[in-house]
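Numbering (our numbering), first residue to last: 388 to 918.
Where a beta carbon is used, it is the ideal one built from N, C-alpha and C, also for glycine.
What follows is one structure encoded as C-alpha cells, with my remarks underneath.
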C-alpha cells in the first residue's frame, strides 16, 4: 500500500486537472523515495474546507482572543498545550486565526520537508510586527526579522560569514571556558534557592552571549557586580522584550499597537532603548580599538563585533540591530534549553554518568575544554539533541509564508498563507521516533552513516521531524554560538558536579515565553563529584 504525503506545489495557472504534484511515497518494506503523480481534482479541497475552530473563532483578531483565557483554559504561555489540543481535535492539519489572517498548522514531517525544499531564494515568514513598528517609529533601518526578499538577503548574506562558520565560535572557546567556570563555582553555593538557580542560568547565558557580542565580560557572574541596579535593569529589559515580541506574534498586535502611547508598546520601546543604550557603550569601546592607528592586529585576532564593523560592510545601526537580536534571543533561549537539559540529565542518571565519563576522559577533571575535545564530545551533544527533542524549545515550530499555492494535507493553501510546522509534536511522534517519550541520547549516535538506536528494528528518523533551530537560509543565525555555550557550560558542570532534583519536585510542566520554561523553578541539587 502506498501512502501519499500531501505537501505539493501547483503551477501558477492554478489548473488542478493537469497538475503534477510532488509527493513522498512510503511503501511497505520499501525505503522512502520521491515521485511525481497526477492528483485528481476531486481529491484536492479548498482551504475553506480545512478543519479548524469555527463560529466566532473564525473572525480576525477576535478568533485569536477567544482561544485564550478567560474564554478558554489556555494562556499565551500555554500556547503549546493549545496547539496540541487543536491537533487532537482537528487532526494533523488544521487552520486557525492568528491575528488578522489564517495560519495553517501541520505536524507531518513530510509537509515540512516539501515546504522547505521549495521555499526559493527568499524564504518568507511573518514579520515581527512589534519590532518593525519600533524601528519605523524611531527612524532605524530594518532588522532581519522585519524584512523579506532582497532586503533580507542583503543583510543576511553580509552576516552569514561572520556568524555561521565554526571557526568563529572556536575563537571564543577560551573565554567561554572562563565564563563556564565562574558559573559552576556559583552553582555550588548551597544557599541558592530554585529561583536563584534559574536566574543564575539566565546570567550565565547573558554573560556568554555578551562575551561574543562585545568581546569582554559584562560582570553578570561576578558576585560583587552581578546584582548592581544597572545589570538587573538590563536583565529585566531583555526578558520584557522577548515576551512582548512573543505576545505580538501570537496575533495580538492590533490590540497592542493602537497608538504610540499604548502602554504595552511603550514598555517595549523603553526596554529596547535601554538595551540599545547599554550595547552602544560596549560598541563605542570596540570602535575606538578598531580606529587605533598605532597598532595593527592580525586578522585572526578579530572578534565578531570588530569583524562586522570592518569586514561586513554594515552600517552601525545594522550592527546594533544584530547585537540586539543576539542579546534578546540568545540569552533566554540558551538559559531555558540548558535548564531543561540539566533537568533531563538529573532524571536520567545513566545518561548523566556516561556524559560525565566522556567529559573526564576527553577534558580531564579540571582542565579547560579544547577545540579537539569539544569536537569529540559526541555523547554530550547527543544529550543536547535528545533534550530538545523530548522538550522542544518552542511551543510549535518553524513558520513560513508560502511563496506559491501549495497542497498541504489534501487542501489547496493559497500563496502568502502562514504555515506553522508543529515540530513540538512531530519530534514526539512514533512515526518518526521509536519510544518517543523516552530520553535516549543513543538514538543520535552514528555508526557507518546509520543512526544507532536501542531498537535495531527502528527506522531512521525523518530529517524534518525535528528542527529546533529552523532550517535553511532563514534558520537561526545564532545556532553555533548557542550550541557551543550549552556544550561548554554543561561539560564544565558535569566535570565537577553531580546533578539531582529535590524528590518533592512534581516534575517539569513547561510553559512558553516563547522558549520552553519550567512553570515552577526546578529545585536542583548540585554535589561535588568524588575524584
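Residue i vs residue j beta-carbon contact at 9 Å
i	j	result
residue 514	residue 492	no
residue 912	residue 888	yes
residue 531	residue 712	yes
residue 714	residue 597	yes
residue 366	residue 767	The structure shown does not extend to residue 366, since the chain is modelled only from 388 to 918, so the question has no answer here.
residue 594	residue 568	no
residue 658	residue 619	no
residue 756	residue 879	yes
residue 769	residue 811	no
residue 464	residue 850	no
residue 717	residue 868	yes
residue 585	residue 726	yes
residue 915	residue 884	yes
residue 633	residue 901	yes
residue 986	residue 637	Past the boundaries of the shown model lies residue 986; the chain is included only from 388 to 918, so the question cannot be answered.
residue 660	residue 547	no
Through-space distance from residue j to residue i, alpha-carbon basis
i	j	result
residue 732	residue 886	7 Å
residue 666	residue 437	47 Å
residue 799	residue 905	38 Å
residue 635	residue 765	38 Å
residue 441	residue 433	16 Å
residue 760	residue 865	22 Å
residue 858	residue 815	19 Å
residue 479	residue 784	14 Å
residue 577	residue 485	45 Å
residue 615	residue 662	16 Å
residue 737	residue 564	25 Å
residue 804	residue 743	46 Å
residue 907	residue 896	8 Å
residue 831	residue 872	20 Å
residue 794	residue 621	45 Å
residue 653	residue 605	27 Å
residue 927	residue 487	Any answer about residue 927 is impossible in this case: the structure gives the chain only from 388 up to 918.
residue 808	residue 470	11 Å
Segment limits, alpha helix (DSSP H) that includes residue i
i	result
residue 484	Per DSSP, residue 484 belongs to no alpha helix (DSSP H); it is in the beta strand (DSSP E), 480-485.
residue 871	866-883
residue 366	Limits of the chain in this structure are 388 at one end and 918 at the other, which puts residue 366 out of reach.
residue 581	581-601
residue 718	703-734
residue 492	Per DSSP, residue 492 belongs to no alpha helix (DSSP H); it is in the beta strand (DSSP E), 488-493.
residue 561	560-574
residue 632	616-634
residue 752	Unbroken run through residue 752: none, as it is neither H nor E.
residue 431	Looking at the DSSP string, residue 431 is not in any alpha helix (DSSP H), and its letter there is neither H nor E.
residue 831	Here residue 831 belongs to no alpha helix (DSSP H), and DSSP marks it neither H nor E.
residue 373	Since the first residue of the chain shown is 388 and the last is 918, residue 373 is not available in this structure.
residue 697	691-697
residue 504	496-504
residue 547	536-550
Residues of its chain near residue i, where Cβ-Cβ distance is below 6 Å and the 5 sequence neighbours each way are ignored
i	result
residue 519	533
residue 574	913
residue 919	Limits of the chain in this structure are 388 at one end and 918 at the other, which puts residue 919 out of reach.
residue 535	511
Residues near residue i in its chain [Cβ-Cβ closer than 7 Å; skip 5 each side]
i	result
residue 787	502, 506, 510, 511, 512, 806
residue 910	581, 888, 889, 892
residue 856	862, 863, 866
residue 496	813, 819, 849, 851, 852
residue 745	764, 766, 767
Residue range of the unbroken beta strand (DSSP E) whose run includes residue i
i	result
residue 915	911-915
residue 520	Careful: residue 520 lies outside any beta strand (DSSP E), inside the alpha helix (DSSP H) at 516-524.
residue 786	786-788
residue 808	805-808
residue 461	Where residue 461 is concerned, there is no enclosing beta strand (DSSP E), given that its DSSP letter is neither H nor E.
residue 895	Residue 895 -> no beta strand (DSSP E), and no H or E assigned at all.
residue 578	Careful: residue 578 lies outside any beta strand (DSSP E) and carries neither H nor E.
residue 905	903-905
residue 793	793-795
residue 798	798-800
Close-in-space but distant-in-sequence residues of the same chain around residue i (CB under 8 Å, 5 per side omitted)
i	result
residue 456	462
residue 706	670, 692, 695, 696, 699
residue 458	452
residue 561	755
residue 538	529
residue 623	658
residue 377	No answer is possible for residue 377: it lies beyond the span of the chain, which begins at 388 and ends at 918.
residue 600	666, 669, 691, 692, 710, 713, 714
CB contact below 9 Å: residue i versus chain C
i	result
residue 564	Within the model displayed, chain C is absent; a lone protein chain is all it includes.
Using 8 Å as the threshold, is the region 601-612 in touch with the region 483-492, meaning 3 or more CB pairs across them?
-> The region 601-612, when compared against the region 483-492, does not touch it at the 8 Å Cβ threshold.
Evaluate the contact criterion for the region 770-783 versus the region 816-827: three or more CB pairs, one atom per stretch, below 8 Å.
-> yes
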